[in-house]
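Quick note on the numbering used here: the sequence shown kicks off at 1 and runs consecutively.
Beta carbons are placed, not taken as given, at the ideal position from N, Cα and C, and that holds for glycine.
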Amino acid sequence: MATLAPLLLFVLIATISPGGATTLATVSGANFGFRRSLPLIGGIASGLASMAALAALGLASVLLAAPSLALVMKAAGSAYLLWLAWQTARRGSPHRAPDARPIGFVAGVWMLWHNPKGWAMTLGAAASFAELADGPVRLGALLGAVFGLFALLSLSLWCAAGLFLARAMRSDAQWRALNVALGGLLALSVVPIWFEPTGGA
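Structure follows, in structure tokens:
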């Protein structure tokens, strides 16, 4: 465990730091509850775990070495997050939209895979902790397991924070204000994708 401690600390900070994924978990928890948010949480965690595993196998370096591909990924991921931010901001009380559906598993994976910032983060982890495993396959398995588990735990905490916020809402106006604020935070999470090489999920 002593040799794994730096990796665990790195992944904890990477997964619990505020970003697009954590904001989405908060939004989903507030509007749909914990149980209905599980597919989103599972999708994001699976996306991050697979990214970490593939980074250890060298795919991240290939993707990031192609500037045009990285630009397309940034644009697609940013457009999707901004669309989700708009949908969140215009949402009112969940009681007035009983047929609304939370974001699902596939969308959670898709969002992570279109984030070059996430690829850079997992590539950094693969380079920094390569000595923890004898070979890229075992390193991929280790990083995938650690990133996936910590993402599940961190996103569950952010989802619970959304539940806590929801319980404080007493009127439609309060719900609108909450969703506008969360939508604004989700839109702001696009900024680091363009200006920071690494960071939270």
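Three-way DSSP call (helix, strand, coil) for residue i in this model
i      : result
Arg91  : coil
Ile16  : helix
Val203 : Outside the displayed span of the chain (1 to 201) sits residue 203, for which this structure offers no information.
Met169 : coil
Ile44  : helix
Phe147 : helix
Gly118 : helix
Asn31  : helix
Local Cβ density within 10 Å of residue i, reported as buried at 16 or more and exposed below that
i      : result
Phe217 : As shown, the chain starts at 1 and ends at 201. That puts residue 217 outside it, with no answer to give.
Gly20  : buried
Leu54  : buried
Leu8   : exposed
Gly200 : Any reading at Gly200 must be qualified, since the residue scores a pLDDT of 49, below 50, and its modelled position is unreliable; the value itself is stated next. When all chains shown are included, Gly200 counts as buried.
Thr3   : exposed
Pro6   : exposed
Gly29  : buried
Arg91  : buried
Rounded distance between the beta-carbons of residue j and residue i, thought under 8 Å
i      : j     : result
Ser156 : Leu81 : Contact doesn't hold; Cβ gap of about 21 Å is too wide.
Trp160 : Phe34 : Before going further, note that residue 160 is Ala rather than Trp in the sequence given. Right, their Cβ atoms sit about 7 Å apart.
Check whether residue i and residue j have beta carbons under 8 Å apart
i      : j      : result
Gly118 : Ser46  : no
Leu142 : Leu153 : no
Leu163 : Thr23  : no
Ala56  : Ala126 : yes
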